[in-house]
Amino acid sequence: MFKLNPITAKKLKRFRSLKRGWWSFLLLMLLCVLTMFAEMLVNKRALFVSHGGHWYFPTYGGFHSGREFGLDYDYEADYRTLQVKWRAENSPSWMLMPPIPWDAYQNDFRDGVQHPQPPDAEHRHFLGTDKIGRDVLARIFYGFRVNMLFSLGYVVGVYFLGIAAGCTMGYAGGRTDLYGQRLTEIWSLIPFLYMVMIAVSLLPANVTIIWRIGILLAIMIVFSWTGIAAYLRTVTFKERSRDYVAAADLLGAPTSRMIFRHVLPNTLSTLVTFLPFTVMGSIASLNALDYLAFGLPPPTPSWGDMLHEGVSTATTAPWIVTASFTAITLVLLLVAFVGEAVRDAFDPKKFTTYR
Amino acid sequence: MNMKRKLHATIALCALVMLPSCGGKKEAVTKDITAEVKKFYAETKNAKGGQVFNYKAIGDLPADLKWEDGSEQAEFGSPDAKKGGTFHYFITDYPRTLRHVGPDANNHTREYVLDYFYMTMLGRHPDTLEPIPAVANQWSRGADNRTFYFRIDPDAKFSDGEPVRTDNFFFSIFFYRSDYLKDAWYPDQYGKRIESVTKYDDLTLSITMTDAKPDALYHAGSMLMPYSLKFFKEFGDDFVERYNWRFVPTTGAYDLKDSGLKKGQSVTFTRIKDWWAKDKKFYRQLFNPDRIVLDVIRDPEKAVEMFRAGELDGFPLNLPERWHRNLPDNDPLVEKGYIHKYTFYNQVPRPTYGFYVNTSRPLLGNLDIREGVQHACNWEQVIKQVFYGDYTRLNIAEEGFGEFTDASLKARPFDAAKAAEFFAKAGFSERGSDGIFKNAKGERLSFTITNSYKPLESALVVIKEEAKKAGVEFNLETPEGTSAWKKYNERKHDVAFTAFNVSVEMYPRFWEDWHSSNAYKKDGSIQTDTNNFTMMNDKELDGWIDRYDKSEDKAEMKELAWKMERRVHDSAAFIPAFESPWYRLGAWRWMHHPEHFDARTARNFEENWLFWIDEEERTATQEAMKSGKSFPKVVKEYERWKQN
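So the protein lines, in turn, are chains U and B. Letter 354 of the first sequence, counting from 1, is numbered 354 in the working numbering, and no numbers are missing. Letter 551 of the second sequence, counting from 1, is numbered 551 in the working numbering, and no numbers are missing.
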């Protein structure tokens, strides 16, 4: 059974007692859980279709052509209009649509309607549509998922590189440290934004979207690990000179054991404290890049891109800029609150024995 | 201490050296190109071995010349036009030079420095495209159809007062053939197309072009551009820097003084009060504002707001979004008649917006796949939903050339079923779980569209979504402007979304876009940096293009043009997108236009300068806005040149 170290348990308790941070954390987690099931909540595909004695589950299943449901085309069935049709015909076939029957890409091309359209509950565009008739709420929702997944990748990558480099420098010391430090200094001075722009413009035409996102992520990681490495180096340096490490060394513990069992666990509070702020940095820079059109390739739902569109239509379609701005601010705020609470909870002063 | 003293000494020495040059009024003219120019006139030979620059007596003019003066053409301005006032408008960037040619010269401000106002030898009537007087008041066509004679208007002079004479045209040929320009295009054109020029006297000159194309007179008349040798005396290998900020004395109606340049902020042109052509037919009703103030506004959204605030007098509303959203018909500014909205139907070759399919790519080299892709592009939907139904579908790349355009050729409509048939022929008959067709080898119909217009990205997103219905996946990328073009030029694209701007000419050009020598070198390797983005490689088509370019017979050229247009259409390598049959303008009510609004070939309201500004009305309108008084609403379409 997993048992918490009493100090950690205390820290967690303290974290829970910081109400603002704790509730922010819960809200963020709830959103993350919801967004994992985004396809069931916000989607153009039906959750469940009963037609001609068959049951279909298009959400996670494959593509069903219109012909399978008695329509006269071979491309993917448009479930929303099909539902309207069946209802009008009193057909025995029926389906269950998600609460928001739009995905992040589909253009709502009703006749005689020019987009962007303001929020409209009848067509279930709760936050309106953008310039080409895509649902703003759907794009915000999927945009949140993209942001979170991207941040996850970013944090893992940055921490991996940062810990590896920082730990090596701090633990080995001497020349490794001296040269390593200089290298990271030089590296951190390379302007990251320009590197992204150059790299993005050099990508060949046949790179698929998922690879493009991966490459963008990789570039961002490669140019962002130095901060973490610097902190890790200091902390490792400090721990390395502690008596318990020397004792372990005397007992003949191998380097790997000393690093992974003794030094690293003691740097954990530093890492945890920085975590929310790293996430914030990731969201902010990803959306900044999107705003400048160097980020996620279109038509990936992205807040920065929406913000850009929103600013240019601020006078004619204020709902786009309002929605994207609120989304970015809200999420950054939530993460910042969590960060603050984590920092306070892990603040060593609270538990110092020298009180 | 010692060191410091040395430093002081150096500074003193520098100051001493620099003083004389700073103290003088202006840098001494050390250069004089005159001798080089004379030598060039004497020594330059054309491809046939004859002299390029010739001198003859006035008596040597052929006796049977029939002189024309364009007097049969109608004026195209308005007799009601009033001179005066200030026209407020904007440029998107501050010019990096005032030169007509050389690096950075191709900027927004050049339209004002050169294109709109500068008078060349011959003008062109914007309705009929027939010649009208400019610097020349009479001209004549030689029997060979490639020699043209011009009589220079004795009144013609530059803005610095120097009269325009034959020598000014000789000099400009020297100028445009010079390597000092750091520009390859002009020396090539002037060397290749002008066979010779002859001076008969100070006011009479003839030019012989190398070929007798049907519109050779127009090209001769516009290539003959008067330049002042006095002004370009210091012309030389440092031309690019030396003349960077010098405004070339103009033959046109507007001068640019040093006081008109506010670095980074604005450029102001002033009307020359005693302009030599101000009372001449065709020009007396044009160029009406006294001053043209161009503010630098980089962000178009900001420019729209400044227009709405009355700081700009007019604003182009060509983008449907501008017309319907930024300034809808029910906007109070329009309702109360403060701002007028105009749609002017014109007849010009259209920019060739469309997909250039790279036929050298593995799958796209297959005609059936290209045919299928043609039917998978739902431009109709884009036009209807993204462009508010305002644009129409472009049918072929050579649209708008009158009889040279085969109007029976129509763009292939979106049709998922037809696309599927073509894909099946190419072996792509099964849809994957994502609905995209794949073949037996598992290859998917997935292509990347490289877009060079950020503002049109949303249209492509619709194309992408619709193409899924036809079983094609399009990936989109919009690299920064120049890197998109780099990609096309290196042929690294699958599908290029771009457009070539086509100038108003009598007949279309084919060689640049469709000749195989612009796709492959003789050794079979790829020819980069040309306009053949489709990598069209069709020997029969090449033959027709070569014949067309050599042909001097209009009927034959027309027949060939139709044949080539059909051939390109059949190759399915160009997917035409859209065109707009008009230009649109929002203008404050103090900006007036002729009754017919503009000339047939006008592509924007500035091209012909027919409008005028009424300053009294400006004041009256501003006061009316304060008091809430309104005027009749004006939303008007001018359909005189509308084509079905």
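For every residue, glycine included, the Cβ atom is placed at its ideal position computed from N, Cα and C.
> Is residue 76 of chain U close to chain B, meaning its C-beta is less than 8 Å from at least one C-beta of that chain?
Replying inline: Position 76 of the first sequence, counted from the first residue, corresponds to residue 76 of chain U. Cβ-Cβ to chain B under 8 Å: yes for residue 76 of chain U.
> Can you tell which of B:131, B:126, B:98 and B:306 has its C-alpha closest to the C-alpha of residue 258 of chain B?
Replying inline: In the second sequence, counting from the first residue as 1, residue 258 of chain B sits at position 258. Per the Cα distances, B:98.
> What separation, rounded to the nearest whole angstrom, lies between the Cα atoms of residue 606 of chain B and residue 314 of chain B?
Replying inline: Taking the first residue of the second sequence as 1, we reach residue 606 of chain B at position 606. Taking the first residue of the second sequence as 1, we reach residue 314 of chain B at position 314. Near 10 Å, if we compare the C-alpha coordinates of residue 314 of chain B and residue 606 of chain B.
> In the DSSP assignment, what residue or residues form a beta bridge with residue 344 of chain B?
Replying inline: On the second sequence, position 344 is the one that residue 344 of chain B refers to. B:583 and B:638, per the DSSP bridge assignment.
> Given that a residue counts as buried once 16 or more other Cβ atoms are within 10 Å of its Cβ, and exposed if not, what is residue 94 of chain U?
Replying inline: Taking the first sequence and counting its residues from 1, one reaches residue 94 of chain U at position 94. That one is exposed.
>> Taking a contact to mean a Cβ-Cβ separation below 8 Å, would you say residue 292 of chain B touches residue 159 of chain B in this structure?
In response: As a first step, residue 292 of chain B is located in the second sequence; it is residue number 292 there, counting from the start. As a first step, residue 159 of chain B is located in the second sequence; it is residue number 159 there, counting from the start. No, the Cβ-Cβ distance between residue 292 of chain B and residue 159 of chain B is not below 8 Å.
>> Quick check: the region 73–84 of chain B against the region 573–580 of chain B, are at least 3 beta-carbon pairs closer than 8 Å?
In response: Segments in contact, no.
>> Tell me which residue opens and which closes the alpha helix (DSSP H) that residue 300 of chain B is part of.
In response: For the purposes of this step, residue 300 of chain B is taken as the residue at position 300 of the second sequence. Unbroken alpha helix (DSSP H) run through residue 300 of chain B: 300–308.
> residue 79 of chain U lies in the alpha helix (DSSP H); which residues open and close that run?
Replying inline: Here residue 79 of chain U corresponds to residue number 79 of the first sequence, with the count starting at 1. From DSSP, the alpha helix (DSSP H) with residue 79 of chain U extends over 79–89.
> For residue 316 of chain B, which three-state DSSP category applies?
Replying inline: Along the second sequence, read from residue 1 onward, the residue named residue 316 of chain B stands at position 316. Here DSSP, grouped into helix, strand and coil, assigns residue 316 of chain B to strand.
> Apart from the five residues on each side of it in sequence, which residues of its chain come closer than 6 Å, Cβ to Cβ, to residue 105 of chain U?
Replying inline: Within the first sequence, numbered from 1, the residue matching residue 105 of chain U stands at position 105. Closer than 6 Å at the Cβ level, and outside the excluded window around residue 105 of chain U, lie 299.
> For residue 195 of chain B, which three-state DSSP category applies?
Replying inline: Taking the first residue of the second sequence as position 1, residue 195 of chain B is located at position 195. Secondary structure of residue 195 of chain B (DSSP, three-state): strand.
>> If I follow the unbroken alpha helix (DSSP H) through residue 187 of chain U, where does it start and stop?
In response: Residue mapping note: residue 187 of chain U aligns to position 187 of the first sequence, counting from 1. Unbroken alpha helix (DSSP H) run through residue 187 of chain U: 174–189.
> Any Cβ of chain B within less than 8 Å of the Cβ of residue 114 of chain U?
Replying inline: The residue you call residue 114 of chain U lines up with position 114 of the first sequence. By this cut-off, residue 114 of chain U is an interface position.
> Of all the residues that make up the region 290–311 of chain U, which are near chain B by a beta-carbon distance shorter than 9 Å?
Replying inline: Taking 9 Å as the Cβ-Cβ cut-off against chain B, the residues of the region 290–311 of chain U that qualify are 293, 294, 297, 298, 299, 309 and 311.
>> Output needed for residue 520 of chain B: all residues of its chain with C-beta closer than 7 Å, excluding positions within five of it in sequence on either side, in chain order.
In response: By 1-based counting over the second sequence, the position of residue 520 of chain B is 520. Taken in chain order, the residues that qualify are 526, 527 and 537.
>> If distances are taken between C-alpha atoms only, which option among B:402, B:399 and B:64 comes closest to residue 149 of chain B?
In response: Counted from its first residue, the second sequence places residue 149 of chain B at position 149. Closest by alpha carbon: B:64.
> With C-beta atoms as the reference, is residue 533 of chain B less than 8 Å away from residue 496 of chain B?
Replying inline: Here residue 533 of chain B corresponds to residue number 533 of the second sequence, with the count starting at 1. Here residue 496 of chain B corresponds to residue number 496 of the second sequence, with the count starting at 1. Yes.
> So, do the region 227–238 of chain U and the region 160–175 of chain U have three or more beta carbon pairs nearer to each other than 8 Å?
Replying inline: Per the Cβ contact rule, the region 227–238 of chain U is in contact with the region 160–175 of chain U (3 or more Cβ pairs under 8 Å).
> What separation, rounded to the nearest whole angstrom, lies between the Cα atoms of residue 10 of chain B and residue 241 of chain B?
Replying inline: Looking up residue 10 of chain B in the second sequence gives position 10. Looking up residue 241 of chain B in the second sequence gives position 241. Because residue 10 of chain B sits at a pLDDT of 41, beneath the cut-off of 50, its placement in the model cannot be relied upon, and the following sentence gives the value as read from the coordinates. Their Cα atoms are separated by approximately 29 Å.
> Considering only C-alpha positions, which residue in the set B:301, B:631, B:142 and B:611 is nearest to residue 593 of chain B?
Replying inline: Indexing the second sequence from 1 puts residue 593 of chain B at position 593. Checking every option, the nearest Cα to that of residue 593 of chain B belongs to B:611.
> Which residues, in chain order, does the region 338–367 of chain B contribute to contact with chain U at a C-beta distance below 7 Å?
Replying inline: Against chain U - using a Cβ distance shorter than 7 Å - the region 338–367 of chain B contributes no residues.
> Cβ of residue 338 of chain U versus every heavy atom of the ligand ADP: is any distance shorter than 7 Å?
Replying inline: The ligand ADP is absent from the structure shown, which contains no ligands of any kind.
> Listing by chain order, which chain B residues have their CB less than 7 Å from the CB of residue 105 of chain U?
Replying inline: Along the first sequence, one-based indexing puts residue 105 of chain U at 105. What residue 105 of chain U touches in chain B: 465.
> Using the beta-carbon of each residue, which ones in chain U are nearer than 8 Å to residue 420 of chain B?
Replying inline: Reading the second sequence from its first residue, position 420 is the one you call residue 420 of chain B. Result: 74.
>> At the level of alpha carbons, what is the spacing between residue 475 of chain B and residue 303 of chain U?
In response: For the purposes of this step, residue 475 of chain B is taken as residue 475 along the second sequence, with counting starting at 1. For the purposes of this step, residue 303 of chain U is taken as residue 303 along the first sequence, with counting starting at 1. One C-alpha to the other measures close to 20 Å.
> According to DSSP, is residue 306 of chain U helix, strand or coil?
Replying inline: Taking the first residue of the first sequence as position 1, residue 306 of chain U is located at position 306. In this structure, residue 306 of chain U counts as helix in the three-state DSSP scheme.
> Do residue 130 of chain U and residue 118 of chain U come within 8 Å of each other at the CB atom, strictly closer than that value?
Replying inline: If you number the first sequence from 1, residue 118 of chain U lands on position 118. If you number the first sequence from 1, residue 130 of chain U lands on position 130. In this structure, residue 130 of chain U does not lie closer than 8 Å to residue 118 of chain U by Cβ.
> Which residues in chain B sit within 7 Å of residue 109 of chain U, going by Cβ to Cβ distance?
Replying inline: Sequence index remark: in the first sequence, residue 109 of chain U carries index 109 (1-based). At a beta-carbon threshold of 7 Å, the residues of chain B lying near residue 109 of chain U are 381 and 385, ordered along the chain.
> Among U:198, U:277, U:295 and U:158, which residue has its Cα nearest to the Cα of residue 209 of chain U?
Replying inline: Position 209 of the first sequence, counted from the start, is the residue given in the question as residue 209 of chain U. Distances from the alpha-carbon of residue 209 of chain U to those of U:198, U:277, U:295 and U:158 put U:295 closest.
> Listed from N- to C-terminal order along the chain, which residues in the region 308–328 of chain B have their beta-carbon within a distance smaller than 8 Å of any beta-carbon of chain U?
Replying inline: For the region 308–328 of chain B, which is checked against every Cβ of chain U, the residues closer than 8 Å are 321, 324, 325 and 326.
>> Going by DSSP, what residue range makes up the beta strand (DSSP E) through residue 139 of chain B?
In response: Residue numbering aside, residue 139 of chain B sits at position 139 when the second sequence is read from its first letter. Here the beta strand (DSSP E) through residue 139 of chain B covers 136–141.
> If you count every other CB in all the chains shown that lies within 10 Å of the CB of residue 79 of chain B, and 16 or more means buried, which is it?
Replying inline: Position 79 of the second sequence, counted from the start, is the residue given in the question as residue 79 of chain B. Exposed, because fewer than 16 other Cβ atoms sit within 10 Å of the Cβ of residue 79 of chain B.
>> Under 7 Å, CB to CB, which of the residues in the region 128–152 of chain U have a partner in chain B?
In response: Across the region 128–152 of chain U, CB contacts with chain B closer than 7 Å involve 131, 132 and 133, in sequence order along the chain.
> By Cβ distance, which residues of its chain are closer than 7 Å to residue 549 of chain B, with the 5 residues on each side in sequence left out?
Replying inline: On the second sequence, position 549 is the one that residue 549 of chain B refers to. Within its own chain, the residues whose Cβ lies closer than 7 Å to the Cβ of residue 549 of chain B, once the five positions on either side in sequence are excluded, are 511, listed in chain order.
> Of the residues that make up the region 400–431 of chain B, which ones have a beta carbon closer than 9 Å to any beta carbon in chain U?
Replying inline: Residues of the region 400–431 of chain B whose Cβ lies closer than 9 Å to any Cβ of chain U, in chain order: 416, 417, 420 and 431.
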